[in-house]
Amino acid sequence: MPKKKRLQTGVDWFDLSTTRADWDAAKPAFLGTMLTQLHLIRAFEESVLELAGEGIVHGPAHSSIGQEGGAVGSIMGLRSADGVNGSHRGHHQFLAKALTHVADGVIDPAHPVTPAIQTVLQRTLAEILGLAQGYCRGRGGSMHLQWFEAGALGTNAIVGGGAPMATGNAWAQKQSGTTDLTINYFGDGAAQIGSVLESMNLAAAWKLPVCFFVENNLYAVSTHADEITADPRFSVRGQGFGIPSWRVDGMDPLAVHLAMEEAAERMRSGGGPTIIEAEVYRFFHQNGPYPGSAFGYRTKEEEAAWRARDPLDLVAQHMIRRGLLTQDDVTGLRGRVQSAMTEAVEQLLESDPDRPGKRRVRPELWPETSFVNVGVRGDGSEVVGLPGLDGAAPTRTIKFVDAVAQVMDRRMTEDPRIVVMGEDVHRLNGGTNGATKGLVKAHGEGRVLGTPISENAFVGLAGGLALDGRFRPVVEFMYPDFMWVAADQVFNQIGKARHMFGGDNPVPLVLRTKVAMGSGYGSQHLMDPAGIFATSPGWRIVAASNATDYIGLMNAALALQDPVLVIEHVDLYGTTDEIPEGDLDYVIPPGSAAVLREGSDVTVISYLSMIAHAKEAIEQTGIDAELIDLRWLDRASIDWGTLGESIKKTNAVLIVEQGAQGTSYGAWLADEIQRRYFDWLDQPVARVTGEEASPSISRVLERAAIARTEEVVAGLESVRAGFGA
113 MPKKKRLQTG VDWFDLSTTR ADWDAAKPAF LGTMLTQLHL IRAFEESVLE LAGEGIVHGP
173 AHSSIGQEGG AVGSIMGLRS ADGVNGSHRG HHQFLAKALT HVADGVIDPA HPVTPAIQTV
233 LQRTLAEILG LAQGYCRGRG GSMHLQWFEA GALGTNAIVG GGAPMATGNA WAQKQSGTTD
293 LTINYFGDGA AQIGSVLESM NLAAAWKLPV CFFVENNLYA VSTHADEITA DPRFSVRGQG
353 FGIPSWRVDG MDPLAVHLAM EEAAERMRSG GGPTIIEAEV YRFFHQNGPY PGSAFGYRTK
413 EEEAAWRARD PLDLVAQHMI RRGLLTQDDV TGLRGRVQSA MTEAVEQLLE SDPDRPGKRR
473 VRPELWPETS FVNVGVRGDG SEVVGLPGLD GAAPTRTIKF VDAVAQVMDR RMTEDPRIVV
533 MGEDVHRLNG GTNGATKGLV KAHGEGRVLG TPISENAFVG LAGGLALDGR FRPVVEFMYP
593 DFMWVAADQV FNQIGKARHM FGGDNPVPLV LRTKVAMGSG YGSQHLMDPA GIFATSPGWR
653 IVAASNATDY IGLMNAALAL QDPVLVIEHV DLYGTTDEIP EGDLDYVIPP GSAAVLREGS
713 DVTVISYLSM IAHAKEAIEQ TGIDAELIDL RWLDRASIDW GTLGESIKKT NAVLIVEQGA
773 QGTSYGAWLA DEIQRRYFDW LDQPVARVTG EEASPSISRV LERAAIARTE EVVAGLESVR
833 AGFGA
């Protein structure tokens, strides 16, 4: 028989509950503030559901009625500099953080509504209604509430999507030398989502002050928690990552508060992350003003049992027992907060002249339609006045990949905010390709972070850093195909954050990756990501064909306040180039395409390594082509002036790229060109691309799948055939 020994994780896991002595020890002002916040949030949510029932709330109304105890209990003891973010059901967390901020942590139940609190109620309601005076100017609505000043980092419509961002905020807090902390709220459904588990691992490995707070309300939309996991004790997740955890009754706000006090002590003292699971209950359905029993997945008896444990009643009962207030005082408090909500609603609505007895939003409060695209990205003014490339400067010879490392070294020396992260970037003398060579030696592992293999977590962490503003992250994806692993963070979070939350908060982040077609790494490592990013809002894109351009483009990317994708190509890494002597500080700003060859027959447009193939093809065919290196590839940064001038001269266009047809950048660009310059085109825009298939590992099939000089020659000949047609 084998010998067996039962193993223990050695990680603390507590079930915490309150006693009467705990309630008796709580300070009267503390309990008064707790009760008042609970009532303010309850009255707010009741008003939201009332408006939803009238059809005035456009979109979902995920109320938190019944769950207020978890938010209020965990947030009351926080500082304004502490951060919180959450999920789509986050009104209560946002309000608890905002109320704590404006009231400096104390609210008198006899006078619960100060002018500052009234403003919070009205602006939050305005945001949920999509109005210009909302915290996100109406763009966030119910699911995307953000107020940085109060430490409300943003609620999130993607289940589990906020965990990496919160982890990044905690990294910024720790590295800035503060004792601040961050709480990431999510539900039972997110407790087994990859982004959350990856973030737990990363936070534990780096000892970050972030609390993963599970609001276990027992249901997804209608699916019970015990149907989705073998162990619905969601705080057990901490055992696998070495994270101490607490389970509490979320209907008891004091129990939640005491658990958070213990967790906060650990986080503020440098002990790393924590997990708190609070079992709560939403009194209504997933969305809207009806109970779950109306949809058949809960019984009325179950709902009644949970309503009997209402956190508002629990706090009031203990205060009455202690003689701190009377039932009449509680009734008066409820009346005053309801009046405050009536006032907030009246400021935003009016009688509908077209529907007697109905209400509508005051028309003057809607955002202007001209605001629709404002804040998708910044205006690029950050690069205005920065030094340009001096073509007369002395030069030196360098390999492309060494230029990648040297310009980053220069920028890190000049800007201590820059942090580089990615898989293996701190090892192998510069990562897997040498692109970070020398950076650890010059700047230390505190600024060159080797990450776990967890793209969702570390790129989302970088997104949190960028939004925090104290650091400027540079993330390396070893291969661009890996972006699909982190697609939520790349596209839903980082790309949309600035616009979604009102257009004001910059997101200064650089994402580096390399196209590896021709290297034999197969279908899951070789894609060109330009086409995907070009059709995704918020991202700028640069792609250099030589080392000189790379330096100027990277300098611009690190000066902009937007997320920038920097695409490299392995075929270029080993090539040599002449770059200017000196400090490598010049900038190639957006809107700076390069005309590499003038011609009159056709405008050939390309980027990256295909520039060299296009040059060869032009020489072989003898066609008098004008060759343009885009350098900047996104809609806002393309040099449309240079393209337009060339097209009006040649009246024909050939777009040259290497990768697959399905993710083609040229398809998007061709559409833009034909819409902008149709009257000057004598034939349809022609394109050179790879095949439909992703490149294979077989050398022969890989070559057949991608474009090189021969395919460009064929493309030029097809355009020539159309001359005069």
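Under the numbering used here, the first residue of the sequence shown carries the number 113, and numbering increases by one thereafter. Ideal Cβ positions, reconstructed from N, Cα and C, are used throughout, including at glycine. Owing to the predicted nature of the structure, the values given are computational and were not obtained by experimental measurement.
Give me, in chain order, the residues of the same chain whose beta-carbon lies closer than 6 Å to that of A817; leave out the 5 immediate sequence neighbours on both sides.
G802, E803, A805, P807
- With a threshold of 16 other CB atoms inside 10 Å of the CB of T131, please say whether the residue is buried or exposed. exposed
Q | Delimiting residues of the alpha helix (DSSP H) encompassing L828 | A | 821-833
Proximal residues to D794 (C-beta, below 7 Å), its chain only, five neighbours per side dropped | N763, A764
Determine the closest residue to V800 out of L813, R811, L781, with distance taken between C-alpha atoms. L781
DSSP puts K608 in a beta bridge; with which residues? According to DSSP, which records beta bridges pairwise, K608 is partnered with nothing at all.
_Which residues does DSSP list as the beta-bridge partners of V532?_
V560, V586
Taking the beta carbon of E731 as the centre, do at least 16 other beta carbons fall within 10 Å, making it buried, or is it exposed? exposed
Quick one: Cα of D861 to Cα of R349, how far? Lying outside 113 to 837, the shown extent of the chain, residue 861 is not represented and no answer is given.
Hey, which unbroken runs of the alpha helix (DSSP H) at 4 residues or more fall wholly within the stretch 377-440?
412-419, 423-433
Q. Skipping 5 residues on each side, what residues in its chain have a beta carbon closer than 7 Å to that of R820?
A. H725
Residue from Y777, P114, V169, G834 whose Cα sits closest to the Cα of L461 | V169
Open item on the list: Under DSSP, the alpha helix (DSSP H) around K319 begins and ends at which residues?
Closed with: Looking at the DSSP string, K319 is not in any alpha helix (DSSP H), and its letter there is neither H nor E.
Notebook entry, point to check: Applying the criterion that 16 or more other CB atoms from any shown protein chain within 10 Å of the CB defines a buried residue, is G144 buried or exposed?
Noted result: buried
Practice problem: Following the continuous alpha helix (DSSP H) through V840, name the residue where it begins and the one where it ends. | Solution: In the structure as shown, the chain starts at 113 and stops at 837, and residue 840 therefore has no counterpart that could be examined.
Restricting to runs no shorter than 3 residues, where is the beta strand (DSSP E) found entirely within the stretch 718-805?
737-741, 765-768, 798-800
Taking the C-alpha atoms as reference points, what is the distance between I785 and A779? 10 Å
Problem set entry | Proximity of A737 and G711 at Cβ, strictly below 8 Å | yes
TODO: Could you have a look at P692 and say whether DSSP puts it in helix, strand or coil?
DONE: strand
- Query: Expressed to the nearest angstrom, what Euclidean distance is found between the alpha-carbon atoms of P675 and S307?
  - Reply: 20 Å
**Item:** Sub-8 Å separation of G272 and I305 beta-carbons
**Value:** yes
Worksheet item: Among residues of its own chain, excluding the 5 on either side of R522, which ones have a beta-carbon nearer than 8 Å to its beta-carbon?
Response: D695, L696, D697
Practice problem: Could you check if N541 is buried or exposed, using at least 16 other CB atoms within 10 Å of its CB as the buried criterion? | Solution: exposed
So for V619, helix, strand or coil by DSSP? coil
Legend entry - Exposure label - G558; buried when at least 16 CB within 10 Å: exposed
- Given H200, which residues of its chain have a CB within under 6 Å of its CB, disregarding the five upstream and five downstream residues? H174, M255, A269
Three or more C-beta pairs under 8 Å: does that hold for the stretch 584-599 against the stretch 335-344? no
Subject >> Nearest residue (CA-CA) to G487, options Q205, F613, G246, A428 >> reply: F613
query = Cα separation between P641 and K139?
reply = 57 Å
Next item on the list: Kindly indicate which three-state DSSP category A655 falls into: helix, strand or coil?
Entry: strand
>> What does DSSP give as the partner residue(s) for V218 in the beta ladder?
In response: For V218, which the question treats as bridged, DSSP gives no partner whatsoever.
| field | Cβ pair A390, G362 closer than 8 Å | value | yes
Cut-off 6 Å between Cβ atoms - residues of its own chain near E310, not counting five sequence neighbours on either side:
S566, N568, A569
Using 10 angstroms around the beta-carbon of F95, count the other beta-carbons present and answer buried if the total reaches 16, otherwise exposed. Given a span of 113 to 837 for the chain in the structure shown, any question on residue 95 remains unanswerable.
V682: first and last residue of the uninterrupted alpha helix (DSSP H) it sits in
682-685
Exercise. Find the nearest neighbour of P276 within the set F260, L314, G185, judged by alpha-carbon distance.
Key: L314
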